[in-house]
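Residue 1 is where the sequence shown starts when you use UniProt numbering, and the numbers rise one by one after that. Yeah, the Cβ is synthetic: ideal placement off N, Cα and C, and Gly gets one too. Model, not experiment: these values are computed from the prediction.
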Amino acid sequence: MSINATLTASASPFRYSIETIKDEVRQLVERGIIKKNQPLYALCQYLPAREWLGIESELERCDYLLRDRISDLLSTERWDND
């Protein structure tokens, strides 16, 4: 899996937007690679360690905990029959 990143001067050499992360996670869910009920830290199995640091930093910056569920990250889904 490849996530586009731009170089920054932060502790991690990669900087990720939360929208980019959400898009990539949505694709993993749609492909059936991960499930919505898994914790966010399960994503580290599918990303190189050097990329994971940037993703983890962005998740924390946006107030997501690694124990939160993937469904929390994708909570913008709409249900028509509620």
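request  = Would you identify the three-state DSSP class for residue 15, choosing helix, strand or coil?
outcome  = Three-state result, residue 15: strand.
query = Thinking C-alpha only, which one of 55, 49, 50 is nearest residue 25?
reply = Distance from the Cα of residue 25 is smallest, within the candidate group 55, 49, 50, for 55.
query = Thinking C-beta only, is residue 38 closer than 7 Å to residue 70?
reply = It is a contact, given that the beta carbons lie within the stated cut-off.
Beta bridge counterpart(s) of residue 48 as assigned by DSSP = Per DSSP, residue 48 has no beta bridge partner at all.
key: Rounded straight-line distance, which links the Cα of residue 20 to that of residue 30   = Distance between the alpha carbons of residue 30 and residue 20: 15 Å.
inquiry  = When you compare the CB positions of residue 40 and residue 34, do they come within less than 7 Å of one another, or not?
reply    = Taking 7 Å as the Cβ cut-off, residue 40 and residue 34 do not qualify as a contacting pair.
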